[in-house]
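These notes are about the structure you will find just below.
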Amino acid sequence: MSVANAAGMTLPAGSAVDPAADPAAAHGAAHHQDYEGDKTGMWLFLFTEFALFAALFVIYGVYRIIYTPEFHHAAANLNVAAGVTNTVILLTSSLTMVLAVNALQRGENRRSMALLWATMALALAFMVIKYFEWGAKFEHGLYPGSEHLLAMDGGEIVFFGLYFVMTGLHGIHVLLGVGAMLFLLPRIKSGRQSATNYTLTENVGLYWHLVDVIWIFLLPLFYLTN
Amino acid sequence: MLAVDTPGSVRPSPSFLQDAGGRSGIGAWIFSTDHKRIGLMYAAAMFTFFIVGMCLGLTMRLELMFPGEQFISAAAYNRIFTLHGVIMVFLFIVPGIPAVLGNFMLPLQLGAEDVSFPRLNLASWWIYMIGAAMALASLVVAGGVPDTGWTFYAPYSVRTDSSVSLAVMAAFVLGFSSILTGLNFITTIHRMRAKGMTFFRMPLFCWGLYATAWIQVIATPVVGITLVLLMLERTLGIGFFDPGKGGDPILYQHLFWIYSHPVVYVMILPAMGIISEILPAFARRTIFGYKAIAMSSMAIAAVGYLVWGHHMFTAGMSDTARWVFSLLTFLVAIPTGIKVFNWLATLYKGSIELSVPMLYAFAFIFLFSIGGLTGMVNGALSTDIHVHDTAYVVGHFHYTMFGGAGIGFFAGLHYWFPKITGRMYNDRRAKIALGLIFVGFNLLYFSMLIMGILGMPRRYADYLPEFQPFHMASTIGALILVPGLLLMLWNLLHSARTGAPAGPNPWRATTLEWQTASPPPLLNFEVAPEVTTGPYDFTHDPLLQENPA
Ligand SMILES: [Cu+2]
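Which chain is which? The protein sequence lines are A and B, in order.
Just so we're on the same page, my numbering is the position in the first sequence counted from 1, plus 2.
Just so we're on the same page, my numbering is the position in the second sequence counted from 1, plus 175.
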């Protein structure tokens, strides 16, 4: 029975009986370097990360409509200076990240690594400020389930619940980003990431920008609501 | 033309079952990045869980054979239906077709040698297994199996001492696996299609997987964060779902169904894709309305996001919200109807061959139509108030998910069995199994539809004596269905070793997976295929040439 031709989907003439055709060489090598494909996958992943926060933004939106005055009142407890400082820090870290990717693309691996270290230092500064900010809240008895918090209005409890959950989840993403950079460094050092093969570095950069973008949303939602 | 031999008979490459890509022992499977091996590993895990879930379902049916307590307490009954739901939904039917048949067939149908990210594919399997281990660990840890139902509704899920956190964590992990598979498939479909295969030359199974993958990627993060919030609620008492702390339990239901309604399309769309493959292959005719079927998958995926409120008509929503959700629910039935009519039109004037996959496809259309039409009763506001939380809903759900997605899965297993194993299943046993499944299924679940309308609530371990005939009929149906399922699975397992060799294309089907050997070699195709026509072109079929009518 004729199968290949009966289908109307033709194989290249003679290919099926060509003993020299080595399958691995024929279409094996092209597979592993698909820049467009790697980028598509990364953007889809970033999309799911954003969807994770989007659900929280929706919850925030619903409760803010219900509890507008309580949200304004509760937001007064947040340290605007700390929030704004952290924003500046994260924006700067995005800049150093862009420069790191750019340096790698121009083949300056050492410079790229230095810039990645700078990005991580800024991430660390962000987390330190976050730590003191949360610490101050805890000192005032403001943490999930605390007596002081439960004595407040329902709307304020929800506001602080959202504050801790969303900034906490964001903080985890900052740490994941740092982890990704630590994973990247030895690869740049050894030259596996280079001016000709920088997809992974670019993807880590994209991830870092996502972390930044989410913070840009969190700043007005919590700190500038008052 | 007839002189051209099949590529399979002259090709020296060993099949993927012999060629493990340099690995050996168990590592040849659990560390393999070959999409075909990964598909089979999913199959092995999933059908194990399926049998566990089936036994739990049978236990419930036996308990319900007579009114009063037979051999399990009401509290144990709550845990059993929860575990049955968690296993069947999260471990079997949601990942089912994409992870098993999608993994195996998508690259083959596209003419590719693997998915875009083979290592990520393997990671998805591992993540799935970790999630499954966590779900099953809830059996043995303190607190025991959750007793909330598979929906984990707040506030009870926040309060119960059973191990909800672990089960919810398991669902979160399984969701992550699902996201990664979806991401992989979307990228594969965009980047790995064979030369000449435009989007509208893709087989319809690929379209089904494509729409499914988008739902997985878009909707799963929402349930992920919902389940995280539920865990935080249990551990830290955040209060989002607690009215005493300004929260609202209805919010949980909204968030849960924003994911869990679209996810029923994750279950059903790939099954519809399988039916769209089988019908043209055994009617020897191109599919009727190719673009309409492809686009209706995308339409279902899109509109399916906006109908979740129909699960909450009695939960306390504004009247406006209720009629809007009801209207949208009716709208989403339209693309499904388009598919059914296109399938029937495909059969018209076809040369129909009543093979086992075709019979499964017919069973799918019949059972899924009942499932869809009974769903309209749930979508309409006034009738839904009457049947909400009754056995009717359970019957409807099983007609769509088991009669639809499950039977579609089985149809695909039989259809692609020769391709996967290189052998034919035993035809007579397969037909007997299908007969048992079909009769048992209808007896089991149609009884539920009737007793539900008469007022039998769902999730009750006991009932009034007047419902006994229906429960008895339902249990007898289960006792017919279960042997049928076991016979089907045993037949497939047994035939994988003993069946007659199938050859590359026993069905004379036209899509690309049939253009390579059975089982396929490690890299799928000897030479990257090139496509010049649509997927279901039977104009060159030799048997049809003899009788052009
Ligand atoms: Cu629904």
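Idealized CB from N, CA, C, for every residue including glycine.
Quick caveat, the model's predicted, so the values are computed rather than measured.
Q. Does the beta carbon of A:G143 sit closer than 8 Å to a beta carbon anywhere in chain B?
A. Residue-level contact by beta carbon fails for A:G143 and chain B, as no gap is shorter than 8 Å.
Q) When Cβ atoms are compared, which residues of the segment 406-418 of chain B fall closer than 7 Å to chain A? A) L407, L411, G412, I413, G414 and F415
Q: Rank B:S337, B:V227, B:V439 and B:G627 by C-alpha distance to the C-alpha of B:G324 and give the top, closest one.
A: The shortest Cα separation from B:G324 among B:S337, B:V227, B:V439 and B:G627 belongs to B:S337.
Q) For B:S622, does the count of other Cβ atoms within 10 angstroms reach 16, so buried, or fall short, so exposed? A) buried
(Q) Just to be sure I understand the criterion: a residue counts if its Cβ is closer than 7 Å to at least one heavy atom of ligand 1. Which residues meet that? (A) B:W432, B:H436, B:V439, B:V482, B:W483, B:H485 and B:H486
(Q) Just checking: is the beta-carbon of A:F49 within a distance shorter than 8 Å of some beta-carbon in chain B? (A) Yes, its Cβ sits closer than 8 Å to a Cβ of chain B.
Q) Roughly how many angstroms lie between the CA atoms of B:S291 and A:E149, to the nearest whole one? A) 52 Å
(Q) Just to confirm before moving on: does the CB-CB distance between B:M647 and B:M240 stay below 8 Å? (A) Yes; because the gap between Cβ atoms is below 8 Å, this pair is in contact.
Q: Could you check the C-alpha separation between A:A31 and B:V706 for me, to the nearest Å?
A: No answer about A:A31 holds up, because its pLDDT of 39 lies below 50 and its placement is not dependable.
Q: Name, please, each residue of chain B whose Cβ falls closer than 8 Å to the Cβ of A:V160.
A: G414, F415, K420, G421 and G422
Q. Are the segment 450-468 of chain B and the segment 359-369 of chain B touching by the rule of at least three beta carbon pairs closer than 8 Å?
A. no
Q) When the cut-off is 8 Å and only beta carbons count, does A:P71 lie next to chain B? A) no
Q. How far does the alpha helix (DSSP H) with B:Q725 in it reach, from first residue to last?
A. Shown here, chain B extends from 176 to 724; a query on residue 725 of chain B therefore has no answer.
Q. From the beta carbon of B:T401, is the nearest beta carbon of chain A less than 8 Å away?
A. yes
Q: Compare the C-alpha of B:L660 against each of B:P644, B:F616, B:T650 and B:A684 and name the closest.
A: Each of B:P644, B:F616, B:T650 and B:A684 was checked against the Cα of B:L660, and the nearest Cα belongs to B:F616.
Q) Taking DSSP as the reference, what is the three-state secondary structure of B:K524? A) coil
Q. What three-state label does DSSP hand B:E705 in the structure shown?
A. strand
Q.
Just to confirm, is the Cβ distance from B:P510 to B:I540 under 8 Å?
A. no
Q: Could you list the residues in the segment 49-64 of chain A with a C-beta less than 9 Å from some C-beta on chain B, going in chain order?
A: F49, T50, E51, F52, A53, L54, F55, A56, A57, L58, V60, I61 and V64
Q) Run through DSSP, which three-state label would B:T461 get? A) coil
**Q.** Meets three-Cβ-pair contact criterion under 8 Å: the segment 68-81 of chain A and the segment 156-164 of chain A
**A.** yes
Q: Taking only beta carbons into account, state which residues of the segment 173-194 of chain A come closer than 9 Å to chain B, listed in chain order.
A: none
Q. Are B:V269 and B:M442 touching if we call contact CB-CB under 8 Å?
A. For the pair B:V269 and B:M442, the CB atoms are nearer than the 8 Å cut-off.
Q.
Give me, in chain order, the residues of the same chain whose beta-carbon lies closer than 7 Å to that of B:A671; leave out the 5 immediate sequence neighbours on both sides.
A. T596 and R598
Q: Starting from the C-beta of A:S114, find all residues in its chain whose C-beta is less than 7 Å away, skip the five residues before and the five after it, and write them out in chain order.
A: A102, A105, L106 and I190
Q: Kindly indicate the opening and closing residues of the alpha helix (DSSP H) around B:E688.
A: Segment: none, B:E688 is in no alpha helix (DSSP H) and carries neither H nor E.
Q | Contact set for B:D564: own chain, Cβ-Cβ below 7 Å, skip 5 residues either direction | A | P632 and R633
Q | B:I462 versus A:L117: straight-line alpha-carbon distance, rounded | A | 57 Å
Q.
Rounded to whole angstroms, what is the Cα-Cα separation between B:K466 and B:H589?
A. 26 Å
Q | alpha helix (DSSP H) runs wholly inside the segment 545-586 of chain B, at least 4 long, in chain order | A | If we require 4 residues or more, the alpha helix (DSSP H) runs fully inside the segment 545-586 of chain B come out as 556-562 and 566-575.
Q | Contact list for A:V215 against chain B, beta-carbon separation under 7 Å | A | Here the premise fails: no neighbours, minimum Cβ distance about 16 Å.
Q. If you pair each beta-carbon of the segment 498-513 of chain B with each one of the segment 549-558 of chain B, do three or more pairs fall below 8 Å?
A. yes
Q. Beta-carbon of B:H365 versus every beta-carbon of chain A: anything under 8 Å?
A. yes
Q: Would you list, in chain order, the members of the segment 368-390 of chain B that have their beta-carbon closer than 7 Å to a beta-carbon of chain A?
A: none
(Q) Distance check for B:M280 and B:I607, CA to CA, integer angstroms please. (A) 27 Å
Q. By DSSP, does B:R603 sit in helix, in strand, or in coil?
A. helix
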